[in-house]
Amino acid sequence: MTPDFCKQACRDCDTSCSGNPLWKCGGTQRVQVFGPPPSSPAVGNNVISRCRPWCVTADADTTNPKWGQCELGGHQAAGISSWDVRCDCPPGKIGPGCDQLCPSWTYGNGCRRNCTCNQNTTSFCNPSNGQCVCLPGYQGSRCESQCPTGKYGKDCTSTCQCIAQSLCDPADGTCSCQPGFYGHNCAFPCEKGRFGANCSQTCASCNHGTCSPVDGLCECFPGFKLPFCDEMCDPKNFGQDCEQECKCNGQPCNPISSRCMCGPGYLGYSCETQCPIGQCGQDCLTTCSCQQGFGCDPVSCFCNCGPGYVGQFCELSCPAQSRSFGQSCQFTSNCAPTNTASINVSTGGCTCKNGFYGSKCHVPCLTGLYGYNCSQTCTCRNGATCNPVDGTCECAPGFTGNDCSQTCPSGFYGNLCQSRCPAQCGVSCHFVDGSCNCQNGTPCKCPANSAGRTTKCLSTCGCLNGLCEDNKSCTCSSGWEGAKCDTHCPPLTFGSDCFGVCTCQFGSCNPVTGECMCASGYTGLRCDQPCTNNTFGPNCEFKCPDCGIFSLPGCDFITGACACITGYTGPTCRRPCHTNTYGDGCSKICNCQNNGVCDNVSGKCSCPPGFTGETCLSVCPTGYYGDKCAKQCSCGPYGAGCTPDEGLCMCQPGFTGVKCRESCPVGMYGAKCTSPCLCDSTTSLCSPADGTCTCNSGYTGAACQSEVIICEHDSGSLTCPSG
Numbered sequence: 003m004t005p006d007f008c009k010q011a012c013r014d015c016d017t018s019c020s021g022n023p024l025w026k027c028g029g030t031q032r033v034q035v036f037g038p039p040p041s042s043p044a045v046g047n048n049v050i051s052r053c054r055p056w057c058v059t060a061d062a063d064t065t066n067p068k069w070g071q072c073e074l075g076g077h078q079a080a081g082i083s084s085w086d087v088r089c090d091c092p093p094g095k096i097g098p099g100c101d102q103l104c105p106s107w108t109y110g111n112g113c114r115r116n117c118t119c120n121q122n123t124t125s126f127c128n129p130s131n132g133q134c135v136c137l138p139g140y141q142g143s144r145c146e147s148q149c150p151t152g153k154y155g156k157d158c159t160s161t162c163q164c165i166a167q168s169l170c171d172p173a174d175g176t177c178s179c180q181p182g183f184y185g186h187n188c189a190f191p192c193e194k195g196r197f198g199a200n201c202s203q204t205c206a207s208c209n210h211g212t213c214s215p216v217d218g219l220c221e222c223f224p225g226f227k228l229p230f231c232d233e234m235c236d237p238k239n240f241g242q243d244c245e246q247e248c249k250c251n252g253q254p255c256n257p258i259s260s261r262c263m264c265g266p267g268y269l270g271y272s273c274e275t276q277c278p279i280g281q282c283g284q285d286c287l288t289t290c291s292c293q294q295g296f297g298c299d300p301v302s303c304f305c306n307c308g309p310g311y312v313g314q315f316c317e318l319s320c321p322a323q324s325r326s327f328g329q330s331c332q333f334t335s336n337c338a339p340t341n342t343a344s345i346n347v348s349t350g351g352c353t354c355k356n357g358f359y360g361s362k363c364h365v366p367c368l369t370g371l372y373g374y375n376c377s378q379t380c381t382c383r384n385g386a387t388c389n390p391v392d393g394t395c396e397c398a399p400g401f402t403g404n405d406c407s408q409t410c411p412s413g414f415y416g417n418l419c420q421s422r423c424p425a426q427c428g429v430s431c432h433f434v435d436g437s438c439n440c441q442n443g444t445p446c447k448c449p450a451n452s453a454g455r456t457t458k459c460l461s462t463c464g465c466l467n468g469l470c471e472d473n474k475s476c477t478c479s480s481g482w483e484g485a486k487c488d489t490h491c492p493p494l495t496f497g498s499d500c501f502g503v504c505t506c507q508f509g510s511c512n513p514v515t516g517e518c519m520c521a522s523g524y525t526g527l528r529c530d531q532p533c534t535n536n537t538f539g540p541n542c543e544f545k546c547p548d549c550g551i552f553s554l555p556g557c558d559f560i561t562g563a564c565a566c567i568t569g570y571t572g573p574t575c576r577r578p579c580h581t582n583t584y585g586d587g588c589s590k591i592c593n594c595q596n597n598g599v600c601d602n603v604s605g606k607c608s609c610p611p612g613f614t615g616e617t618c619l620s621v622c623p624t625g626y627y628g629d630k631c632a633k634q635c636s637c638g639p640y641g642a643g644c645t646p647d648e649g650l651c652m653c654q655p656g657f658t659g660v661k662c663r664e665s666c667p668v669g670m671y672g673a674k675c676t677s678p679c680l681c682d683s684t685t686s687l688c689s690p691a692d693g694t695c696t697c698n699s700g701y702t703g704a705a706c707q708s709e710v711i712i713c714e715h716d717s718g719s720l721t722c723p724s725g
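Residue numbers (this note's numbering): 3 to 725.
And the structure:
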């Protein structure tokens, strides 16, 4: 066969072709020769025919092509004469006799299609239909997916038997135990003192704690510190690994129970309450011995003497002779020494002697006033002098009586009415100067209700605190009014006949002069200016006391009382609100439950560990614990929750330990491992969860106490052991 023929092989040909039918076209290239079979397949026969439809296949390197055979599922091509052996192979097979499978990762008719299987996870690709046959541990049309959790094996049809969060090999189901467990299905926690993968390692000493079966690290009992559980928590920490802070108002707590250990001066679940007034020391059991009603330091029991008092028990007031006052008697009063009755040892305020007034007792009473702070009005008449101390009247010549309202009795005149009328006047003379009385118009004689010398008579009109002339009405002295000048001026008026109007805004005025006398807290000519610059009292003469850091600036401008900020109380605002009170003046009642601590300012509750809510009424939700319920329980897969306050683990039946990682000791089972097993320890294993007995081979019964009887048979009869 010529090279041209080789190129035309298996094509539609329009011309005749001839040549050697077994011509080698190069390598193992297959050629097809057309035409009826020769009578003999000997080399050298000529084939002359049209290219179609007759064909036979052969390897180019063989001299004996096979005629009429189709192997490995091939069949004679349709429409071909019986002597024609051209083969049509089924999907997945190739070759002259269909005796070869498709090459790897191909399939179908003529192996012309590529498999879509993941070659790393596929055992093989079906050469007939391209279906992927997965390796154990994989599934999917292209073997693209690993077995889901809990499944393994061929087509992922087998169920894993691994427990305790161990890993299951998706190919053969072998369990890979998590650290802390062992056994073919990882069902057994490490025994005490062992840890790690398959429990192969030995724990170090953990003193007041246990060794973690997972990583061998110590897990301390509550109240002890890592890493070796050999030291107790610091004073202000407690609980598991000393992670929690004591809620004891700065005081220490029991490192295990978290109970506050209040120092001197404090009480309450959280040491939030200072000792009541009058009590002090540890547990507030000591009674203060302070005098004057003063309290003591709740911690040291030292007396907190108020302004004006000193001494170990506040038994001494500031010495009067030193004119000192204030805290520790450190200030000196500016009261006028001779006019002052006493000094307020607390504020330095002056208490004036009768007859004086003013912040320094430096002003004598105005005319017509007398007594304490010149607050009383004299009743003296007829020009008498009023004693500013006690208001007694010193009568003018010619008058007598307590208020000098009476003229001298007939026959007497002058100072204290002690002088007798001159003889020439008979028994009647002028009660003032002793001159003889005269009648009206007649020398030395005046009518009744008149007096005079020679020919001039003056009418007294019956005026008690005033005069009138020529028989007219009375003209009253300053501070008096009425037809006979017998009535004091009403409030807010002053002067002659009380015609003057007081202009004092916050105070009273002198009924004689109209001078303003300011009320406490005001100053100025008209008493219209409130006290400023830390002053208070009448005319703002007093300085505010030291009210401490928990007060508003200054003091009450009228009384000098300290104005405490919200949440504090006391004369100098140094005490927080008592238990269960808060707000302005500590007047509101707290509503905190379960020993919650009430904020003395806002009333907001600070809940103890394990409680939450506005009033601390709710227990932490399951799985959470501690302050504000912000911490999650950490008790491992065998925990059944934890205590809401300290986070102590509560284990499932069959487990124990700080974090429930230890199996019950041998022979015990159940909740807290408190129930003794009833199984025969020599013939069985006891389930630490429920006490169920798993018998060894050869034993049976609820407690595996009975041996299984095995009978032997021989020649159709059974022979049992004795019994």
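No residue lacks a Cβ here, since even glycine has one placed at the ideal position from N, Cα and C.
Does the beta-carbon distance from Leu680 to Cys666 come in below 9 Å? As a working mapping, residue 680 is identified with position 678 in the sequence shown. As a working mapping, residue 666 is identified with position 664 in the sequence shown. Their beta carbons are not under 9 Å apart, which means Leu680 does not touch Cys666 by this criterion.
So Cys307 is in the beta strand (DSSP E); what residue range does that whole segment cover? For the purposes of this step, residue 307 is taken as residue 305 along the sequence shown, with counting starting at 1. Where Cys307 is concerned, there is no enclosing beta strand (DSSP E), given that its DSSP letter is neither H nor E.
Quick check for students: name the residue ranges of the alpha helix (DSSP H) that lie wholly in the segment 557-626, counting only runs of 4 or more. You should have found no qualifying run.
Can you check DSSP and say which residues form a bridge with Glu247? Position 245 of the sequence shown holds residue 247. Residue pairing by DSSP places Glu247 opposite Asn239 in a beta bridge.
Would Gln738 and Gly308 be called neighbours here (beta carbons separated by less than 9 Å)? A question about residue 738 goes unanswered here, because the residues of the chain that appear run from 3 up to 725.
CA-to-CA distance, Cys382 to Cys518, given in whole angstroms: Numbered from 1 along the sequence shown, position 516 holds the residue referred to as residue 518. Numbered from 1 along the sequence shown, position 380 holds the residue referred to as residue 382. Rounded to whole angstroms, Cys518 to Cys382 spans 22 Å at the Cα level.
Measuring CA to CA, which of Gly370, Val434, Gly403, Pro411 is closest to Asp392? Walking along the sequence shown from the start, residue 392 turns up at place 390. Checked all of Gly370, Val434, Gly403, Pro411; the closest Cα to Asp392 is Gly370.
Can you say whether Phe304 is buried or exposed, counting buried as having 16 or more other CB atoms within 10 angstroms of its CB? Counted from its first residue, the sequence shown places residue 304 at position 302. So Phe304 ends up on the exposed side.
Compute the Euclidean distance between the alpha carbons of Glu709 and Tyr701, then round it to the nearest angstrom. Residue 709 sits at position 707 when you count from the first residue of the sequence shown. Residue 701 sits at position 699 when you count from the first residue of the sequence shown. If you take the alpha carbons of Glu709 and Tyr701, they lie about 4 Å apart.
What is the DSSP secondary structure of Gln314, reduced to helix, strand or coil? Residue mapping note: residue 314 aligns to position 312 of the sequence shown, counting from 1. Correct three-state label for Gln314: coil.
Which runs of the beta strand (DSSP E) fall wholly inside the segment 483-567 and span at least 3 residues, in chain order? Runs of the beta strand (DSSP E) lying entirely within the segment 483-567, each at least 3 residues long, are 509-511, 518-520 in chain order.
Measure the alpha-carbon distance for Pro678 versus Ser686 and round it to whole angstroms. Sequence index remark: in the sequence shown, residue 678 carries index 676 (1-based). Sequence index remark: in the sequence shown, residue 686 carries index 684 (1-based). Cα to Cα, Pro678 sits roughly 14 Å from Ser686.
Under the rule that 16 or more other beta-carbon atoms within 10 Å means buried, what is Asn404, buried or exposed? Along the sequence shown, read from residue 1 onward, the residue named residue 404 stands at position 402. Within 10 angstroms of the beta-carbon of Asn404 lie fewer than 16 other beta-carbons, which makes it exposed.
Do you know offhand how far Ser412's Cα is from Gly400's? Counted from its first residue, the sequence shown places residue 412 at position 410. Counted from its first residue, the sequence shown places residue 400 at position 398. Those two C-alpha atoms are separated by around 11 Å.
With burial defined as no fewer than 16 other Cβ atoms inside 10 Å of the residue's Cβ, what is the status of Glu396: buried or exposed? One-based indexing of the sequence shown puts residue 396 at position 394. Glu396 is classed as exposed because its beta carbon has fewer than 16 other beta carbons within 10 Å across all chains shown.
In whole angstroms, what is the alpha-carbon distance linking Ala289 and Gln595? As a position in the sequence shown, residue 289 is number 287, starting the count at 1. As a position in the sequence shown, residue 595 is number 593, starting the count at 1. Note that residue 289 is Thr in the sequence shown here, rather than Ala. Between the alpha carbons of Thr289 and Gln595 lies a distance of about 30 Å.
What residues match up with Asn116 in a beta bridge as DSSP calls it? Within the sequence shown, the letter at position 114 stands for residue 116. Per DSSP, Thr108.
Same chain, Cβ closer than 6 Å to Gln654, five either side skipped, listed in chain order: Residue mapping note: residue 654 aligns to position 652 of the sequence shown, counting from 1. Here the set comprises Tyr640, Ala642.
Cross-strand partners of Pro366 (DSSP beta bridge): What you label residue 366 is simply residue 364 of the sequence shown in a count that begins at 1. For Pro366, which the question treats as bridged, DSSP gives the partners Phe358.
Rounded to a whole number of angstroms, what is the C-alpha to C-alpha distance between Glu233 and Ile551? In the sequence shown, counting from the first residue as 1, residue 233 sits at position 231. In the sequence shown, counting from the first residue as 1, residue 551 sits at position 549. Taking the straight line from one Cα to the other gives about 41 Å.
Please state whether DSSP places Tyr415 in a helix, a strand or coil. On the sequence shown, residue 415 is found 413 positions in, with the first residue counted as 1. Correct three-state label for Tyr415: strand.
Does the distance from the CB of Cys579 to the CB of Tyr570 come in under 9 Å? By 1-based counting over the sequence shown, the position of residue 579 is 577. By 1-based counting over the sequence shown, the position of residue 570 is 568. The Cβ atoms of Cys579 and Tyr570 sit closer than 9 Å to each other.
With 16 as the cutoff for other CB atoms within 10 Å, does Lys606 come out buried or exposed? Walking along the sequence shown from the start, residue 606 turns up at place 604. Under this definition Lys606 is an exposed residue.
Range covered by the beta strand (DSSP E) that runs through Thr676: Residue numbering aside, residue 676 sits at position 674 when the sequence shown is read from its first letter. Unbroken run through Thr676: none, as it is neither H nor E.
For Asp174, three-class secondary structure by DSSP: Numbered from its first residue, the sequence shown carries residue 174 at position 172. In the structure shown, Asp174 sits in coil (DSSP, three-state: anything other than H, G, I, E or B).
Am I right that Pro92 and Cys113 are in contact with their C-beta atoms under 8 Å? What's the rounded C-beta distance? The residue labelled residue 92 in the question sits at position 90 within the sequence shown. The residue labelled residue 113 in the question sits at position 111 within the sequence shown. For Pro92 against Cys113, the beta-carbon gap comes to about 11 Å, at or over 8 Å, which does not count as contact.
Proximity to Gly313 [Cα-Cα], best of Gly328, Phe333, Cys292, Ile591: If you number the sequence shown from 1, residue 313 lands on position 311. With distances taken between Cα atoms, Gly313 lies closest to Cys292.
Given Ala705, which residues of its chain have a CB within under 6 Å of its CB, disregarding the five upstream and five downstream residues? Start at 1 with the first residue of the sequence shown, and residue 705 comes out as number 703. Taken in chain order, the residues that qualify are Leu680, Cys681, Asp682, Cys695.
Is it right to say Asn66 is buried, meaning 16 or more other beta carbons lie within 10 angstroms of its own, or is it exposed? The residue labelled residue 66 in the question sits at position 64 within the sequence shown. Low confidence applies here, because Asn66 scores a pLDDT of 41, under 50, leaving its location unreliable; read the following figure in that light. Of the other Cβ atoms in all chains shown, fewer than 16 fall within 10 Å of the Cβ of Asn66; this residue is therefore exposed.
Hey, how far is the Cα of Glu543 from the Cα of Gly267? In the sequence shown, counting from the first residue as 1, residue 543 sits at position 541. In the sequence shown, counting from the first residue as 1, residue 267 sits at position 265. Annotation: Glu543 to Gly267 spans about 39 Å, alpha carbon to alpha carbon.
Considering Cα atoms alone, identify which of Val514, Asp243, Leu269, Asn239 is closest to Cys255. Start at 1 with the first residue of the sequence shown, and residue 255 comes out as number 253. Considering only Val514, Asp243, Leu269, Asn239, the residue with the shortest C-alpha distance to Cys255 is Asn239.
Taking the CB atoms as reference points, tell me whether Thr574 and Phe538 lie closer together than 9 Å. Residue numbering aside, residue 574 sits at position 572 when the sequence shown is read from its first letter. Residue numbering aside, residue 538 sits at position 536 when the sequence shown is read from its first letter. Not a contact, by the Cβ cut-off of 9 Å.
Just how far apart, CA to CA, sit Ala673 and Pro690? Within the sequence shown, the letter at position 671 stands for residue 673. Within the sequence shown, the letter at position 688 stands for residue 690. Computed Cα separation, rounded: 9 Å.
Apply the 10 Å Cβ neighbour rule to Val58 and answer buried if 16 or more other Cβ atoms are within range, or exposed otherwise. Here residue 58 corresponds to residue number 56 of the sequence shown, with the count starting at 1. Caution is warranted here: a pLDDT of 41 is assigned to Val58, below 50, making its placement in the model unreliable, and the coordinate value is therefore given only provisionally. Here Val58 is buried: its Cβ has 16 or more other Cβ atoms, across all protein chains shown, within 10 Å.
Quick one: is Phe501 buried, meaning 16 or more other Cβ sit within 10 Å of its Cβ, or exposed? Indexing the sequence shown from 1 puts residue 501 at position 499. By the 10 Å Cβ count, Phe501 comes out exposed.
Go through its chain and collect everything with a Cβ distance to Arg161's Cβ below 7 Å, but skip five positions before and after it. Residue mapping note: residue 161 aligns to position 159 of the sequence shown, counting from 1. Reading off the sequence shown, one finds Thr at residue 161, where the question assumed Arg. If we look at Thr161 and ignore the five residues flanking it on each side, its Cβ neighbours are Gly152, Lys153.
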